[in-house]
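Notes to accompany the following structure.
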Ligand SMILES: [Zn+2]
């Protein structure tokens with residue numbers, strides 16, 4: 710009888726652990742505002758950035774955003790606080806265009822959307838390092854300097870990849886780049902401002918090599 714109880718409790722414990730690992734719930738935050746329709750994808754993207762746990766972030770749909778699908782920026786209300794207390798807003802177009810074709814953000818694949826949100830959170834990671842004055846210059850430069858746009862976009866991609874999101878970031882790139890109707894001109898623009906799939910894989914490989922080297926040294 711005693712043995713049975715021990716075995717039974719072990720079985721229960723094992724199934725509990727299994728349930729914990731297979732249906733790991735996504736964390737709930739006090740300081741994030743997320744529309745219900747993209748909640749799952751936003752929480753998934755956030756789960757890659759533990760540093761953003763205490764950062765206030767609002768994901769918000771907006772009718773039209775100039776030239777882009779999503780945009781991350783500090784909230785005005787928090788702008789004059791210290792950078793540690795800054796909050797951010799991620800604006801999202803529900804409908805967006807890739808050249809002539811119109812898409813609805815709710816109809817793109819889950820992985821593509823997670824990658825997109827992960828890229829925006831990469832911007833937030835980048836902004837967190839900047840002072841308020843730095844953010845003002847940053848905004849001005851973004852308006853006027855193409856090389857600055859390139860630097861900023863590649864930095865957001867790099868954050869996302871370094872935080873383990875490469876599969877999602879690649880899904881987003883491939884969605885844009887492999888689109889049948891896409892013209893070489895548009896493709897060139899994307900390649901110029903963002904990291905290419907090849908560059909992402911190079912970064913993943915070099916991160917893996919560094920990890921292996923660290924492990925070698927530690928063992
Ligand atoms: Zn961006």
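Residue numbers (the numbering used here): 710 to 928. Cβ atoms here follow ideal geometry from the backbone N, Cα and C, with glycine treated the same way. Computed from a predicted structure; not experimentally measured.
Proximity below 8 Å, CB of residue i to CB of residue j
i	j	result
residue 757	residue 821	no
residue 781	residue 817	no
residue 754	residue 743	no
residue 799	residue 768	yes
residue 759	residue 796	no
residue 880	residue 824	yes
residue 871	residue 916	yes
residue 878	residue 899	no
residue 890	residue 810	yes
residue 913	residue 888	no
Cβ-based neighbour list, residue i, same chain, cut-off 7 Å, excluding 5 preceding and 5 following
i	result
residue 873	757
residue 902	858, 859, 862
residue 813	803, 804
residue 770	744, 801, 803
Buried versus exposed, by CB contacts within 10 Å (16 or more), residue i
i	result
residue 783	buried
residue 831	buried
residue 829	buried
residue 848	exposed
residue 826	buried
residue 761	buried
For residue i, the first and last residue of its enclosing beta strand (DSSP E)
i	result
residue 810	810 to 813
residue 802	797 to 802
Contact belief for residue i with residue j at Cβ below 8 Å, rounded distance in angstroms
i	j	result
residue 840	residue 792	6 Å
residue 905	residue 815	Not really, about 28 Å apart at Cβ, beyond 8 Å.
Proximal residues to residue i (C-beta, below 8 Å), its chain only, five neighbours per side dropped
i	result
residue 794	787
residue 835	861, 864, 865, 868
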